[in-house]
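Chemist: Residue numbers (numbering that gives the first Met the number 0), protein chains in the order written: chain A, 0 to 268; chain B, 0 to 321. Before anything else, here's the structure in question.
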Amino acid sequence: MNPVRPILPFYFGSPDKRLFGCFHQPPPGRKRKCAVLICQPVGHEYINSHRALRQLAARLADVGFPVLRFDYYGCGDSSGDAEEGRIPQWLEDVSAAISEIRQRTGLAQLCLVGLRLGGALSTLAGVQCGDVESMVLWDPVVNGKSYFENLLFLQKEMLRFRPRPKGDRKSRGHIDVLGFPVSHFLYNELAKINLLSIAEKPAKNVLLIQSNQAAGDDSLKNHLGRTEARLEYQRLDAPEIWLPTTDGSLLVPGQVLQSVVSWACGAHP
Amino acid sequence: MKNVLMQKTPVKEEAVLFGEKKSLAGIVTYPPGVIDRWLRPTVILLNPGIVHRVGPGRIYVKIARALAAIGYVVLRFDFSGIGDSAVRYDNLRFEKSAVSETQAAMEFMKATRGSECFVLLGGCSGAQISFDTACCDPRTIGAILINYPVIEDEDDSADADLKHRRAAHYYWNFALFNRKSWGKLFSGRANYRQLMGALKAEARRRFAPPKKAPREAAPFQANLQRLAERDVRLTFLCSQGDPLLDELREAGGNDFRRLCALGTITLDIIPRSDHTFSSLDDHDRLLDVILKRIKAMTPAGNVSLNKPQIIPGAEDRSAVGF
Chain A
0 MNPVRPILPF YFGSPDKRLF GCFHQPPPGR KRKCAVLICQ PVGHEYINSH
50 RALRQLAARL ADVGFPVLRF DYYGCGDSSG DAEEGRIPQW LEDVSAAISE
100 IRQRTGLAQL CLVGLRLGGA LSTLAGVQCG DVESMVLWDP VVNGKSYFEN
150 LLFLQKEMLR FRPRPKGDRK SRGHIDVLGF PVSHFLYNEL AKINLLSIAE
200 KPAKNVLLIQ SNQAAGDDSL KNHLGRTEAR LEYQRLDAPE IWLPTTDGSL
250 LVPGQVLQSV VSWACGAHP
Chain B
0 MKNVLMQKTP VKEEAVLFGE KKSLAGIVTY PPGVIDRWLR PTVILLNPGI
50 VHRVGPGRIY VKIARALAAI GYVVLRFDFS GIGDSAVRYD NLRFEKSAVS
100 ETQAAMEFMK ATRGSECFVL LGGCSGAQIS FDTACCDPRT IGAILINYPV
150 IEDEDDSADA DLKHRRAAHY YWNFALFNRK SWGKLFSGRA NYRQLMGALK
200 AEARRRFAPP KKAPREAAPF QANLQRLAER DVRLTFLCSQ GDPLLDELRE
250 AGGNDFRRLC ALGTITLDII PRSDHTFSSL DDHDRLLDVI LKRIKAMTPA
300 GNVSLNKPQI IPGAEDRSAV GF
């Protein structure tokens, strides 16, 4: 029988902007010297990938990494309304989560794992703080503008199969993307995200995973290769788990999870 | 009615673990200020399918905060194997384990917050579990059942007619008004077999005398009757764009119509919405109806729902946010 190892759900951060986190403790006597922080995507991508990231956290904890998953302000279980989502705030949230896990585990070494927009935020946060040991970028958003255009395309596709909503969202300062509001502030901030313009390495060791279906060109791989980071690149035949499925199922790509765990174990023996 | 969330009433939220092995994860949302828990039931939100306790489009967070803003304590949690709750290893069927975990949630809320009566709310399979729990647990005084799936469709071969009807629903409500669908039809790229089946099923439904009710109808109607006798208030909340609405009416039959007419059951249809309420306008309309219906399930003014009794520690804990 598999043992049930409960996680610890809790709130942290400043009193006016509480963030929700889930801490996965490794088994006793198997703690590695590096903590892992998982940076999730946002909006519908967060909902669709929650199951996979929860399993990733459990697998990483099983091999000895203390792991923290958390929700950004205005996302998931964290405080704030979805309309308040902003990139600078989310970067602050990543910093708050870094401080939290370091304080909670007493470990200085840190590995950030970011999926989609979480990958972009991890990269920017890594460049900002400059002391991240390792980083896994799983199909990160490279260009915020293209990402937003894709969201609009999905919204348009979705409207083919449902009645068109009547309300005028633009007059309220945001547009509706699959049930999540994107304010014009957020749009402008997203439009400025371009991982190809970062000059510093986001971490000492970087694993870039691109799923076959989602992968665009090699530009990010080439760009990161030009920084001082030790880069490993993997292109995997995995589904785009962050997209809505026709039957509402939530996908867990075992191959990607295994790759992340193996690489992290190699980087932090 | 205005969406309460817009008023930004500060509510308090606390992450909790409960259940026999402390393996069920949830968030309790508290109203600001003093909780008059003797007057209001506690509301429990149940997972819609396998989506975790945040709900599609984060709608469960909005619902919980809007209800807390008008004085209700709300627990939204994950069934085992969903979201942050651990997997069970006892091979209990989901239908059974989910009801027992909902009861565990009630016990937890009673032990820690003194809650004695509950309104259950859930979408899709969460609606099913709400209904089943209401049937077997007298602490349930009401339930909001969102897109209640009255007909089981797990077995692929079970009901070809049902599939045709769902396809007909799609053609009638969406494809008919879609230029791309017409393009597919005239360019030979449409599924003509499915289209013919759907047209036949729709014609049968509209013009032929009603055939026998689905097998789920009899127990469903009996349970409706039983809940009505116990004075459990039920609200069926359906998306206009969801085929489950027709199935609900069909399976509910005359009993359903009669109980609706008596006001024991309410059926609210959210116009221009889909199964998962995937637009922000759907959220607003859904929230308005939920608030209205839950208020209506709450006895007014001085009628006490619970016997006032002091639960050791409950006072302190209910005041603790986060």
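Ideal Cβ positions, reconstructed from N, Cα and C, are used throughout, including at glycine.
#1: When you compare the CB of V72(B) with every CB in chain A, is at least one pair closer than 8 Å?
#2: At least one CB of chain B closer than 8 Å to the CB of R161(A): is that the case?
#3: From G224(A), I208(A), A263(A), L223(A), pick the residue whose C-alpha is nearest to that of V255(A); which is it?
#4: Where does W89(A) fall in DSSP's three states?
#5: Which residues share a DSSP beta bridge with G122(B)?
#6: Along the chain, where does the alpha helix (DSSP H) containing S121(A) start, and where does it finish?
#7: Any idea if G125(A) is buried or exposed, counting beta-carbon neighbours within 10 angstroms, 16 or more meaning buried?
#8: Excluding five sequence neighbours on each side, which residues of the same chain lie with their C-beta closer than 6 Å to the C-beta of G300(B)?
#9: Give a yes or no on whether the C-beta atoms belonging to M157(A) and S272(B) are separated by under 8 Å.
#10: Check the Cβ of R58(A) against every Cβ in chain B and list those closer than 8 Å, keeping chain order.
#11: Starting from G182(B), find everything on chain A with Cβ-Cβ shorter than 9 Å and list it in chain order.
#12: For the candidate residues A60(A), C38(A), S13(A), P14(A), whose alpha-carbon lies nearest to that of S261(A)?
#13: For a test of the three-state rule: what should DSSP assign to P218(B), helix, strand or coil?
#14: Using C-beta distances below 8 Å, list every residue in its chain close to I314(A), excluding the 5 sequence neighbours before and after it, in chain order.
#15: Does the pairing of the segment 182 to 199 of chain A with the segment 118 to 134 of chain A give three or more beta-carbon distances under 8 Å?
#16: Does A95(A) come within less than 8 Å of chain B when only Cβ atoms are used?
#17: Could you check whether the Cβ of H49(A) sits closer than 8 Å to any Cβ belonging to chain B?
#18: Excluding the 5 residues preceding and the 5 following V62(A) in the sequence, name in chain order all residues of the same chain whose CB lies nearer than 7 Å to its CB.
#19: To the nearest angstrom, how far is the alpha carbon of G125(B) from that of F11(A)?
#20: Assuming the contact rule is C-beta atoms closer than 8 Å, A96(A) and L206(A) should be a hit. Round their C-beta distance to whole Å, please.
#21: Please report the straight-line C-alpha distance between L36(A) and L136(A), rounded to a whole angstrom.
#22: Return helix, strand or coil for L194(B), following the three-state DSSP convention.
#23: If you measure beta-carbon to beta-carbon, which residues of the segment 31 to 60 of chain B are closer than 8 Å to chain A?
#24: On the premise that T28(B) lies in contact with A67(B), defined as a C-beta separation below 8 Å, what is that separation, rounded to the nearest angstrom?
#25: Extract the residue ranges of the alpha helix (DSSP H) inside the segment 65 to 99 of chain B, only unbroken runs of 4 or more that lie entirely within it.
#26: Quick one: which chain B residues come within Cβ less than 8 Å of S78(A)?
#27: Please identify, using Cβ separations under 7 Å, the residues of the segment 2 to 25 of chain A that lie next to chain B, in order along the chain.
#28: Do the segment 80 to 100 of chain A and the segment 74 to 94 of chain B make contact, defined as three or more Cβ pairs closer than 8 Å?
#29: With a threshold of 8 Å between beta carbons, is L109(A) in contact with chain B?
#30: Beta strand (DSSP E) containing N204(A): first to last residue?
#31: By Cβ distance, which residues of its chain are closer than 8 Å to S156(B), with the 5 residues on each side in sequence left out?
#32: Cβ closer than 9 Å: which chain A residues qualify as neighbours of S96(B)?
#33: Would you identify the three-state DSSP class for H222(A), choosing helix, strand or coil?
#34: Just to confirm the assignment, what range does the alpha helix (DSSP H) spanning H282(B) have?
#35: Hey, quick one: how far does the beta strand (DSSP E) through R68(A) stretch, first residue to last?
#36: Taking the straight line between their C-alpha atoms, what separation do you get for E13(B) and S22(B)?
Modeler: Taking the definition as stated:
#1: Look at V72(B): its C-beta is not under 8 Å from any C-beta on chain A.
#2: Contact with chain B is found for R161(A), since one of that chain's Cβ atoms lies less than 8 Å from the residue's Cβ.
#3: Measuring from the Cα of V255(A), the nearest candidate turns out to be I208(A).
#4: In this structure, W89(A) counts as helix in the three-state DSSP scheme.
#5: In DSSP, G122(B) forms a bridge with I145(B).
#6: Unbroken alpha helix (DSSP H) run through S121(A): 116 to 128.
#7: By the neighbour-count criterion, in which 16 or more other beta carbons inside 10 Å mark a residue as buried, G125(A) falls on the buried side.
#8: Below a pLDDT of 50, predicted positions are generally treated as unreliable, and G300(B), at 42, falls in that range; the measurement from the model is reported next regardless. Nothing listed; no residue qualifies.
#9: With contacts defined by Cβ atoms closer than 8 Å, M157(A) and S272(B) do not form a contacting pair.
#10: Below the 8 Å Cβ cutoff, chain B contributes no neighbours of R58(A), its closest Cβ being approximately 14 Å away.
#11: The premise fails here: G182(B) is roughly 12 Å from chain A at the closest Cβ pair, so nothing lies under 9 Å.
#12: That would be A60(A), whose Cα lies nearest to the Cα of S261(A).
#13: It is helical.
#14: Not covered by the structure: residue 314(A). The range shown for chain A is 0 to 268.
#15: Of all C-beta pairs linking the segment 182 to 199 of chain A to the segment 118 to 134 of chain A, three or more are shorter than 8 Å, placing the two stretches in contact.
#16: So, not an interface residue.
#17: Residue contact with chain B for H49(A): present (Cβ-Cβ distance below 8 Å to some residue of chain B).
#18: Excluding sequence neighbours, V62(A) sits near V260, C264.
#19: Their Cα atoms are separated by approximately 29 Å.
#20: A96(A) to L206(A), Cβ: 20 Å. No contact.
#21: Each residue's Cα considered, the two are about 12 Å apart.
#22: L194(B): helix per DSSP, three-state reduction.
#23: Cβ contacts with chain A: G48, I49, V50, H51, R52, V53, P55, G56, R57, I58, V60.
#24: The Cβ separation is near 4 Å, so the contact holds.
#25: You should have found no qualifying run.
#26: Here the neighbours are E12.
#27: Of all residues in the segment 2 to 25 of chain A, only V3, P5, I6, P8, F9, Y10, R17, F19, C21 come within less than 7 Å of chain B when Cβ atoms are compared, listed by chain position.
#28: These segments do not touch.
#29: Chain B, which has no Cβ nearer than 8 Å to the Cβ of L109(A), makes this no.
#30: Going by DSSP, N204(A) is part of the beta strand (DSSP E) stretching over 204 to 210.
#31: The predicted model places S156(B) with a pLDDT of 46, which falls under 50 and marks its position as unreliable, so this point remains unresolved.
#32: Listed along chain A is no residue with a C-beta nearer than 9 Å to that of S96(B); the closest approach is about 14 Å.
#33: The answer is helix: DSSP assigns H222(A) an H, G or I state.
#34: 279 to 296 is the extent of the alpha helix (DSSP H) around H282(B).
#35: According to the DSSP assignment, R68(A) belongs to the beta strand (DSSP E) that extends over 66 to 69.
#36: Rounded to the nearest angstrom, the two C-alpha atoms are 16 Å apart.
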